[in-house]
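Note sheet for the following structure.
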Amino acid sequence: MSSPVIILDFGSQYTQLIARRVRELQIYCEIQPCTMELDALRALEPAAVILSGGPASVFADGSPTVDKGVFELGVPVLGICYGMQLTCHLLGGRVEAATEREYGPATIHVDKPVGLLAAFEAGADVDVWMSHGDRVAALPEGFHVVAKSSNSPFAAVADESRRLYGVQFHPEVVHTPRGVEMLRAFLVDTAGVTADWTPGNFVEQSVAAIQQQVGEGAAICGLSGGVDSSVAAMLVHKAIGDRLTCIFVDNGLLRKDEGKKVMEMFADNLHLKVIHVDASAEFLGALEGVSDPETKRKIIGKVFIDVFDREAKKITDAKHLVQGTLYPDVIESVSFKGPSAVIKSHHNVGGLPERMNLSLVEPLRLLFKDEVREVGKAMGMPHDVLQRQPFPGPGLAVRCPGVIEREKLDILREADAIFEQEIRAAGLYEKIWQSFAVILPVKTVGVMGDERTYEYVVALRAVTSRDGMTADWARIDHDVLAKTSTRIINEVRGCNRVCYDISSKPPSTIEWE
Ligand code: XMP
Numbered sequence: 004m005s006s007p008v009i010i011l012d013f014g015s016q017y018t019q020l021i022a023r024r025v026r027e028l029q030i031y032c033e034i035q036p037c038t039m040e041l042d043a044l045r046a047l048e049p050a051a052v053i054l055s056g057g058p059a060s061v062f063a064d065g066s067p068t069v070d071k072g073v074f075e076l077g078v079p080v081l082g083i084c085y086g087m088q089l090t091c092h093l094l095g096g097r098v099e100a101a102t103e104r105e106y107g108p109a110t111i112h113v114d115k116p117v118g119l120l121a122a123f124e125a126g127a128d129v130d131v132w133m134s135h136g137d138r139v140a141a142l143p144e145g146f147h148v149v150a151k152s153s154n155s156p157f158a159a160v161a162d163e164s165r166r167l168y169g170v171q172f173h174p175e176v177v178h179t180p181r182g183v184e185m186l187r188a189f190l191v192d193t194a195g196v197t198a199d200w201t202p203g204n205f206v207e208q209s210v211a212a213i214q215q216q217v218g219e220g221a222a223i224c225g226l227s228g229g230v231d232s233s234v235a236a237m238l239v240h241k242a243i244g245d246r247l248t249c250i251f252v253d254n255g256l257l258r259k260d261e262g263k264k265v266m267e268m269f270a271d272n273l274h275l276k277v278i279h280v281d282a283s284a285e286f287l288g289a290l291e292g293v294s295d296p297e298t299k300r301k302i303i304g305k306v307f308i309d310v311f312d313r314e315a316k317k318i319t320d321a322k323h324l325v326q327g328t329l330y331p332d333v334i335e336s337v338s339f340k341g342p343s344a345v346i347k348s349h350h351n352v353g354g355l356p357e358r359m360n361l362s363l364v365e366p367l368r369l370l371f372k373d374e375v376r377e378v379g380k381a382m383g384m385p386h387d388v389l390q391r392q393p394f395p396g397p398g399l400a401v402r403c404p405g406v407i408e409r410e411k412l413d414i415l416r417e418a419d420a421i422f423e424q425e426i427r428a429a430g431l432y433e434k435i436w437q438s439f440a441v442i443l444p445v446k447t448v449g450v451m452g453d454e455r456t457y458e459y460v461v462a463l464r465a466v467t468s469r470d471g472m473t474a475d476w477a478r479i480d481h482d483v484l485a486k487t488s489t490r491i492i493n494e495v496r497g498c499n500r501v502c503y504d505i506s507s508k509p510p511s512t513i514e515w516e
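This is the structure we're talking about:
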């Protein structure tokens, strides 16, 4: 693959978005902290460098900066917003604090179609999105204005001889409708970067890298049936075949028929070597009488490690552990700790590789979630596996508030399966982030025929979301809810009432525990 585009992060909430847009152009890019040493940056042999935006002011004490040598690497550099102000500040221009913040849509007038603006005609008016406090007041030597807006006389600037470019607006956000074209004009036309980041190329290179890392050895993988562990396992299987053993732990907290479906899909259809461990008695035993949500999570995490460790030890030649870590987790650990740093609250199997003394194989650590799906598709994995909604590690335990009992789990499983069927039948499954049932720890009165009933309440939860960090309750058609409710009450013994959860996150969470 060609040299990467390096995005130096100054803490903008949009840094990941820049990376996403560049990847959409099939160009490989990496996010690095702005504090990265110049030698380390040079060693990456970047094809181009992008300086992200950031919340700071170049004047503020301790505001993030960059080694000026970045402008002398001989590769094109694009500064976005704070990145542009910093470029001007460091190269001898002048930045001033704006009296008021400019935030929202704006129109720029293209004076000279170069760099990002190469795809436009001179004189064109182009809609963009602005979000900045400070602004450039005087340009460094060698720079000139290539576009202006009514509020920003320096909306886009360039020093073409040194191939240094700056834009005050944000080409990476959707509110800049032609932003992707702009990034393409900069990266492909101006910087000459090759667009060869395709799922097929990734699979090929990743397989070679895994073969190199694992050598003649063997590896194990905890397979959950979720998208990430499934694609990771497939990649490693492609690389080392049956020297990969997958361990699928049934913790007794899975959805209806999940164990059977996972074995059919991965062992029978995709021909992976999968060990099915039924540890439900061990998990449910450890959870007996426990109602506190965090205690439940801790117990499940601990029992999982015990079970996995025990099974893994049986595969005596395994020296490698496959994990489906994704790029956002990697960025979180390398990113400049500005507000773009994400607070991650759910680590279920932390500590596993250290305890087992295995070296990690993380074939997805360069990928965003949608890229994982594309890679799975390129390997011929079925659509259904790749489009599954997320499912929490502690499983149904966090959908059964209060103490966990087998009877409640059985009711929950049946109700959940009916809801999933109806959501799928209505064509909503892939439009919704998560949809599931919850069983409440209370019984209510109902009437069936001439009989009074006293049974559990099931709540239905369905949310739309982009990343699970915030979510809104899904406005599902009432007819779909009505059919689901009727079916659950008629078909599931032990439940006589169904509710629909109409709370958003925040202040509620997606799961009930
Ligand atoms: P909440 O309930 O915090 O959930 O709004 C956000 C997303 O995280 C999932 N989730 C978990 N995933 N272990 C996991 O692997 C957990 O303990 C856990 N708790 C919540 C939840 O399903 C949603 O997608």
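The numbering of the sequence shown is our numbering, which starts it at 4 and goes up by one.
Quick reminder that beta carbons are idealized off the backbone N, C-alpha and C, glycines included.
Being a predicted model, the structure only gives us computed values, none of them experimental.
Contact under 8 Å by Cβ, residue i with residue j
i           : j           : result
residue 183 : residue 24  : yes
residue 188 : residue 214 : no
residue 157 : residue 250 : no
residue 280 : residue 252 : yes
residue 61  : residue 137 : yes
residue 299 : residue 293 : yes
residue 473 : residue 509 : yes
Cβ-Cβ separation, residue j to residue i (assumed contact under 8 Å), whole Å
i           : j           : result
residue 361 : residue 323 : 6 Å
residue 160 : residue 149 : 6 Å
residue 321 : residue 223 : 5 Å
residue 364 : residue 216 : 6 Å
residue 429 : residue 480 : 7 Å
residue 378 : residue 234 : 6 Å
Secondary structure of residue i, DSSP reduced to three states
i           : result
residue 403 : coil
residue 503 : strand
residue 201 : coil
residue 102 : coil
residue 134 : strand
residue 85  : helix
residue 37  : coil
residue 346 : In this prediction, residue 346 has a pLDDT of 35, which is less than 50 and means its spatial position is unreliable; what the coordinates show is noted afterwards. Three-state DSSP puts residue 346 in coil, outside helix and strand.
residue 330 : helix
residue 298 : helix
residue 232 : helix
residue 519 : Residue 519 is absent from the structure shown; the chain starts at 4 and stops at 516.
residue 376 : helix
residue 341 : In this predicted model, residue 341 has a pLDDT of only 48, less than 50, meaning its place in the structure is not dependable enough to derive any value.
residue 437 : strand
residue 145 : coil
residue 279 : strand
Straight-line Cα distance separating residue j from residue i
i           : j           : result
residue 272 : residue 66  : 54 Å
residue 53  : residue 10  : 5 Å
residue 395 : residue 401 : 8 Å
residue 455 : residue 463 : 24 Å
residue 176 : residue 372 : 19 Å
residue 516 : residue 296 : 6 Å
residue 97  : residue 168 : 16 Å
residue 69  : residue 85  : 12 Å
residue 21  : residue 471 : 20 Å
residue 200 : residue 444 : 50 Å
residue 493 : residue 288 : 31 Å
residue 172 : residue 383 : 40 Å
residue 41  : residue 50  : 15 Å
residue 259 : residue 302 : 22 Å
residue 142 : residue 45  : 26 Å
residue 58  : residue 107 : 16 Å
residue 229 : residue 318 : 23 Å
residue 342 : residue 267 : Per-residue confidence for residue 342 stands at a pLDDT of 40, beneath the threshold of 50, marking its modelled position as unreliable; no derived number is given.
residue 115 : residue 121 : 8 Å
residue 100 : residue 152 : 18 Å
residue 8   : residue 237 : 28 Å
residue 387 : residue 82  : 41 Å
residue 345 : residue 124 : Because residue 345 sits at a pLDDT of 39, beneath the cut-off of 50, its placement in the model cannot be relied upon, and the following sentence gives the value as read from the coordinates. Taking the straight line joining both Cα atoms gives about 40 Å.
Spatial neighbours of residue i in its chain, beta-carbon cut-off 6 Å, leaving aside the 5 residues before and after
i           : result
residue 458 : 446, 497, 498, 499
residue 245 : 276
residue 475 : 467, 507
residue 128 : 110, 112
residue 390 : 433
residue 118 : 161, 168, 189, 193
Chain-order list of residues whose beta-carbon lies under 7 Å from that of residue i (same chain, five-residue window excluded)
i           : result
residue 334 : 19, 34
residue 398 : 254, 256, 257
residue 403 : 411, 412, 415, 442
residue 181 : 129
Sequence-distant residues of the same chain with beta carbon closer than 8 Å to residue i, five excluded per side
i           : result
residue 495 : 414, 417, 418, 421, 461
heavy atom of the ligand SAH below 7 Å from residue i C-beta
i           : result
residue 326 : Among the ligands present in this structure, namely the ligand XMP, the ligand SAH is not found.
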